[in-house]
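Please read the structure below before turning to the comments.
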Amino acid sequence: MRLWMSASLLLPMLACAPLPLPAPQPARIDSMPRLVKEGKVMPLVELARLLAQARSEDKPLKGYGLTVFEGTKIERFEIEIVDIARNYIYPKHDLILFRGSHKRWLDGGNIIAGMSGSPCYIDGKMIGALAYRLGAFQKDALGGITPIEYMVREMDRPVERSGRIRPATDPRGPVPVSTPIAVRGFSARTLDAFEPLLQRDNFLLAPSSGGSRVTQAKDDFEPGSPIGASLMTGDYDMTATGTVTFVDGDRILAFGHPFFGAGELELPITTCVVHTTFQGLSTAYKISSADKVVGALVHDRANAIFGRVGKSARMVPVTMTLRNPKVQTEQVVRVQCADHPTFLPMLVGMAHSEAVQAFEPSDNPHLSSSTVSVTLEGGRCLKYVDVEQSMGGGGFFRFMSLGGIMGKLQELAGNEYERPALQSIDIVTETVNENRSASLKAAWALPQEVEDGATVRIHVVLKRYRGPEVSREIELTLPKGLAKGTDVRIVVGGGSSIAPERAPASNLDDLIEALAKDYKSTSLVAVASVPSYSLMYHGRILEGMPNSALAVLVPTIDETAYLANASLRASVDTEWVIEGSTEVSVKIN
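Using our numbering, you'd call the opening residue of the sequence shown number 84 and step up by one each time.
Shown next, in the form of structure tokens:
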């Protein structure tokens, strides 16, 4: 294990410069008073008064909601206000409890996924959006309405980054009504692999198509219209479906609960056609398709999503070229993915896994080598190679591990230095229908006792899958100056099991350079730890420096540097994906 020691601990304390004052924030414009004055919305205070009056007269307080159950026709469903629960979602967040009724709910009480955002009215005034359900296997459509005053505030909120707000998913409720994601082009195998990741955020994957041949979506939105937010477009499509709550010019509010809770989030918003609704024992959802891109999502907040008609959303174009050199076939798949550090790696991994599976649909083992090029603005580019051996199962790789094809994209997109402006991602994958895996069976050093500064030959035996054993050698030259009797330990293994030596990055350029240094899984690597130190500074590794030089240099560095145990490294390329590692040692005579 590498031991790190901050060289800044050796330095005297430096005086800290005063922090600059934050720039003044623009004053928020509260739209709620204007909307109340215009008679468009009803605040909680007025709703509470009407509910108290209805109870005193022993009458139910009834109203209606608007949504689309099929096609594009907005239909009414009836609601009865049960109560206003204080602090029900979290402190200072009240929830309007209601019971709903409609012919679509006669065979079951589940509130239909995709109804999130359906505007609800009392006395012709909007009170909020249908947004929450109270558990599964409901006997009646009992749910919660997010007050409109909470949602309208999001329109006046300045654009800003924020941490994610993961929606509550406790089945005891209340939980947001599930958001169906209409998926097109993906096989059941891919959806089964990725669905657990999406279920954590209360999403429900639903099959979709390229649209309806019979019904044409409307070109504009109104309260009750279906609305889509596209995570991926192109040869594959993933569009989340909800309902529009409120329209004010080019400004749109929907959902009534978080989408991903991502804060600032740019996604294309689309008109939608609802093919039909599915009602099951434990769940119900709208089956819909995205139609036309008409604007962009701007905010994804705790109480609503907020978008603008006519605005363009920034997406990352991804091109995947799939080749089989033996049979000389090629296929190109193109998609656009959401430019968000949390979702982009998953979306690209999902598209690539599906593309490879469609290109090589057989369950036979095959080796795939992918060259990934990530182009950023300003001429920056991250390029790396990932080699994977599939043991069957249609080409599924370790897409969810940090060692898989999208691991580096995760590190790049979520880096701590600056938000990378990604221009494009290109993946060229070559597939060979063979099993080229091998396990490390044995390794030993020749000789096992060496002179100071000698070259050590490490003999490695690999056991191939259904093939004869093969041998490879790695040469490692030891440094001079090691004390007699020193035992030098050498770790030998496949490239996927040995981490590269990286200096801590201090900026995005350092990180890009470091990410390109990982070993391929077909490399055979030897790493020897030696009793000396390397200085790591500004993303660079200064090796072989004598202690006298370090003593002079370290006090002159004006920011954190690191001293690390030095290591010697050597690698050779092989034809096989190597699994396993072992340790050998040599003694200095």
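In this text, a Cβ means the ideal position worked out from N, Cα and C, and glycines have one as well. Note that the structure is a prediction, hence the values are computed from the model and not measured.
In whole angstroms, give me the CA-to-CA distance for residue i and residue j.
i, j, result
"T514", "I162", "57 Å"
"K58", "L134", "Any property of residue 58 remains undetermined from this structure, which presents the chain solely from 84 to 672."
"N170", "G183", "22 Å"
"E413", "L559", "41 Å"
"G339", "M198", "10 Å"
"L565", "I541", "19 Å"
"S612", "S650", "5 Å"
"M489", "M315", "16 Å"
"I195", "P202", "14 Å"
"G390", "L336", "7 Å"
"M125", "K369", "29 Å"
"E658", "D601", "17 Å"
"E584", "I595", "14 Å"
"S334", "V392", "Position check: residue 334 holds Arg in this sequence, whereas Ser was assumed. So the alpha carbons of these two residues sit roughly 7 Å apart."
"R384", "S452", "40 Å"
"S371", "R406", "34 Å"
"K123", "D223", "29 Å"
"K301", "L149", "16 Å"
"D469", "S604", "7 Å"
Using the rule of at least 16 other Cβ atoms within 10 Å of the residue's Cβ for burial, across every protein chain shown, is residue i buried or exposed?
i, result
"G477", "Here the model assigns G477 a pLDDT of 41, short of 50, so the residue's position is not dependable, and the following value carries that caveat. Buried."
"N672", "exposed"
"D446", "exposed"
"S139", "exposed"
"V660", "buried"
"Q440", "buried"
"P444", "exposed"
"S606", "buried"
"S313", "buried"
"N285", "buried"
"R549", "exposed"
"L144", "buried"
"L529", "exposed"
"G462", "exposed"
"G497", "exposed"
"N590", "exposed"
"D303", "exposed"
So for residue i, helix, strand or coil by DSSP?
i, result
"T354", "strand"
"F277", "helix"
"P503", "coil"
"M125", "coil"
"V260", "coil"
"Y171", "strand"
"Q531", "coil"
"A441", "helix"
"E158", "strand"
"H435", "helix"
"G578", "helix"
"L217", "coil"
"A396", "coil"
"V235", "helix"
"D177", "strand"
"G536", "coil"
"D593", "helix"
"M198", "coil"
Among the options, which has the Cα closest to the Cα of residue i?
i, options, result
"F342", "E158, L287, A588", "L287"
"S261", "A441, P408, S365, T454", "S365"
"R502", "R555, E460, M489", "E460"
"Y173", "T229, K394, A434, A131", "T229"
"A438", "D383, D318, V470", "D318"
"G211", "G332, F181, Q136", "F181"
"E471", "L217, T454, V455, L450", "L450"
"K394", "G332, G344, D223", "G332"
"V511", "I205, S436, G497", "S436"
"K409", "E499, E517, E658, E305", "E517"
"R267", "R547, I508, D374, S507", "D374"
"T360", "D303, R187, T322, Q299", "R187"
"L127", "Y204, A582, A525, R406", "Y204"
"A168", "E158, Y215, I157", "Y215"
"A537", "P562, V544, E556", "P562"
"K208", "D223, V327, Y147, D166", "Y147"
"L118", "L523, T155, A137, V330", "V330"
Consider the C-beta atom of residue i and the heavy atoms of the ligand GTP; say whether any pair is separated by less than 8 Å.
i, result
"L281", "Only the bare structure without any ligand can be found here, which leaves the ligand GTP out of the picture."
Could one say the Cβ of residue i lies closer than 9 Å to chain D's Cβ atoms, at least one of them?
i, result
"A323", "No chain D is part of this structure, which consists of one protein chain only."
For the 8 Å Cβ check, are there 3 or more pairs between the stretch 655-671 and the stretch 569-583?
Yes, since at least three Cβ pairs between the stretch 655-671 and the stretch 569-583 fall closer than 8 Å, the two stretches touch.
Count Cβ pairs between the stretch 395-402 and the stretch 416-424 that sit closer than 8 Å; are there 3 or more?
Because the criterion of three Cβ pairs below 8 Å is met, the stretch 395-402 and the stretch 416-424 touch.
Could you say if the stretch 574-582 and the stretch 652-661 meet the contact criterion of at least three C-beta pairs nearer than 8 Å?
Flag = yes, the stretch 574-582 and the stretch 652-661 touch.
Does the contact criterion of 3 or more C-beta pairs under 8 Å hold for the stretch 265-282 versus the stretch 228-237?
With the cut-off at 8 Å, the stretch 265-282 and the stretch 228-237 do not touch.
Stretch-stretch touch, CB-based, cutoff 8 Å, three pairs: the stretch 374-389 with the stretch 348-365:
Output reads yes: the stretch 348-365 touches the stretch 374-389.
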